[in-house]
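Be aware that the sequence shown starts at 226, since it is given in the numbering used here, and climbs by one per residue. The structure appears right after this line, and notes come after that.
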Amino acid sequence: MTKTRTRAPSAPEATALYDIPGPVARRRHRLYGIAATVLIAALLGWIVFLLFDTDQFTAQKWTPFEYKGIQELLLRGLGNTLKAFAYAAVLSLALGAVLAVGRLSEHRVLRWISTVLVEFFRAMPVLVMIFFIFVALKVQPLPALVAGLTLYNGSVLAEVFRTGINSVDRGQREAAYALGMRKTQVTTFVLAPQAVRAMLPTIISQLVVALKDTSLGYLITYEEFLHAGKLIASNLDYDLPFIPVVMVISPIYIGLCMLLSWFATWVARRERRNPKTRAAGVDPAEPGTLLPGGQ
Numbered sequence: 226m227t228k229t230r231t232r233a234p235s236a237p238e239a240t241a242l243y244d245i246p247g248p249v250a251r252r253r254h255r256l257y258g259i260a261a262t263v264l265i266a267a268l269l270g271w272i273v274f275l276l277f278d279t280d281q282f283t284a285q286k287w288t289p290f291e292y293k294g295i296q297e298l299l300l301r302g303l304g305n306t307l308k309a310f311a312y313a314a315v316l317s318l319a320l321g322a323v324l325a326v327g328r329l330s331e332h333r334v335l336r337w338i339s340t341v342l343v344e345f346f347r348a349m350p351v352l353v354m355i356f357f358i359f360v361a362l363k364v365q366p367l368p369a370l371v372a373g374l375t376l377y378n379g380s381v382l383a384e385v386f387r388t389g390i391n392s393v394d395r396g397q398r399e400a401a402y403a404l405g406m407r408k409t410q411v412t413t414f415v416l417a418p419q420a421v422r423a424m425l426p427t428i429i430s431q432l433v434v435a436l437k438d439t440s441l442g443y444l445i446t447y448e449e450f451l452h453a454g455k456l457i458a459s460n461l462d463y464d465l466p467f468i469p470v471v472m473v474i475s476p477i478y479i480g481l482c483m484l485l486s487w488f489a490t491w492v493a494r495r496e497r498r499n500p501k502t503r504a505a506g507v508d509p510a511e512p513g514t515l516l517p518g519g520q
C-alpha cells in the first residue's frame, strides 16, 4: 500500500510591512478584533437609539417618499447628477490626456504651459472655480459645474497619466526606439497600454471624487440629487425630514461609488484575461542550440 502524504498548509510569509505574528500576538489581535467589534456594535446601537429617541422613524417624516411627485423629484435629481458626472468624467479624461502629453513633450514652451495649467487648476479649490465660472462668466449651472469639475479633475489626472507613463520600465521605451518607432508610436502602443494597468485604481478613485463633487451643484442652483434632497428636507409640512433624506440619499451615493470600483475591478480582470496582454511562452533552450551566426 502506498501512503499518501498530506501537504501541510503553507505558513504566512513575512512582508515588508509586518512580521509573522506569533501565538501570543495572534491571541492579542483576536482580542483587539472582538473589542473593536463590540465597540462598533455599541456605537451603532447608540445611534439607532438616538434616531428612535428623536422620532426620526415616525410615519410623518417618511410620508414624503410615498408621493409620486417626490419620487420623480429624486429621480430627476439623480439623472442630473449622473449627466453632470458623465460629462465631467469624459472631459476630465480627455483634458488629462492632453495636459499629460504636453508635460511629456520635448518642446520646452509646451511643457512649461502645460505645467503651469496643471499646477494652477490643481491648486485652485473646485468650489471657487465653479462659482467664478457661474457668477463672473455668467454660464448656466450645468456647464459651470462640468467646467469646474473638468478643470480640477483633468489637472489631477494629467499628473496620474504622466506618472504612469514614466513608471514603465525604461527598457521598454529603449527597445521600441531601437525598432525604429517614433515617440508617438512608443507612447501610444508600448507605454500607455502598460501604464493603464497601474493607473486604473487611481483613475477610478479620482472619478469617484468627481462623482461626489457633483453635489456642489446645488450651491449654484443646479437641480442635482443633493439639491432635490435639500428641497425635501426643508419641507415644514413633514416636520423637516432631514435625517430620513440623508438615510435615503447616502446609500445611493455610496452605491454609485461602489459600482465604479466594481467596474474598475471588472476591467482589470478582463485585461488580465486578454490574450493580447499575456506573456508569450518561450520554449527552453535545448542542448546544441546555436545562436544566429554561430558555428
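Note that beta-carbon positions come from the ideal geometry of N, C-alpha and C, so glycine has one too.
Terminal residues of the continuous alpha helix (DSSP H) containing residue i?
i	result
L385	The sequence shown places Val at residue 385, rather than the Leu named in the question. Counting along the chain, the alpha helix (DSSP H) containing V385 begins and ends at 366 to 392.
N305	293 to 328
Y257	248 to 278
M354	351 to 356
K408	408 to 411
Y463	Taken as a continuous stretch (DSSP letters only), Y463 belongs to no alpha helix (DSSP H), as it is neither H nor E.
V341	333 to 348
L425	417 to 438
G396	395 to 403
K286	284 to 287
Compare the Cα-Cα distances from residue i to each of the options and report the closest residue.
i	options	result
V475	V492, F488, F450, N460	Strictly speaking, residue 475 in this sequence is Ser, with Val absent from that position. Ranking V492, F488, F450, N460 by Cα distance to S475 puts F450 first.
Y312	T340, A372, F488	A372
K437	S330, L382, L485	L485
L432	Y478, S459, N378	N378
V393	V421, S380, L376	V421
T490	L441, A458, I429, Q410	I429
I355	R333, Y447, R494, R252	Y447
L318	S380, A267, K293	S380
V492	V470, P426, L268	P426
K286	R494, A361, N460	N460
M575	G258, A250, I272, I259	Since the displayed the chain opens at 226 and closes at 520, residue 575 lies outside it and no answer follows.
If I measure Cβ to Cβ from residue i and keep anything under 8 Å in the same chain, skipping five residues before and after, which residues do I get?
i	result
L456	L298
R398	V411, V415, L416
L444	L352, I355, F356
Between which residues of its own chain and residue i is the CB-CB distance below 6 Å, once the five residues before and five after are set aside?
i	result
M349	none
V351	G373, Y377, D438
F282	none
L404	none
A236	Legend: pLDDT at A236 = 49, less than 50; position of this residue unreliable, value from coordinates given subsequently. Closer than 6 Å at the Cβ level, and outside the excluded window around A236, lies no residue.
Skipping 5 residues on each side, what residues in its chain have a beta carbon closer than 7 Å to that of residue i?
i	result
I358	V364, A369, A372, G373
T383	This sequence places Ala at residue 383; Thr is not what is there. G321, L324, A325, R328, V343, listed in sequence order.
P246	H254
A423	G389, S392
L515	Because the pLDDT of L515 is 48, which lies under 50, any placement of that residue in the model is unreliable, and the question is left without a value.
A458	L465, P466, F467, V470
P289	I295, I457, N460, Y463, P466
V263	none
Exercise. Can you find at least 3 beta carbon pairs, one from the segment 385 to 397 and one from the segment 320 to 328, that sit closer than 8 Å?
Worked result: Cβ pair count under 8 Å is three or more, so yes.
Exercise. For the segment 294 to 310 against the segment 334 to 350, are there 3 or more C-beta pairs whose distance is under 8 Å?
Worked result: Flag = no, the segment 294 to 310 and the segment 334 to 350 do not touch.
Exercise. Can you find at least 3 beta carbon pairs, one from the segment 408 to 428 and one from the segment 277 to 292, that sit closer than 8 Å?
Worked result: no
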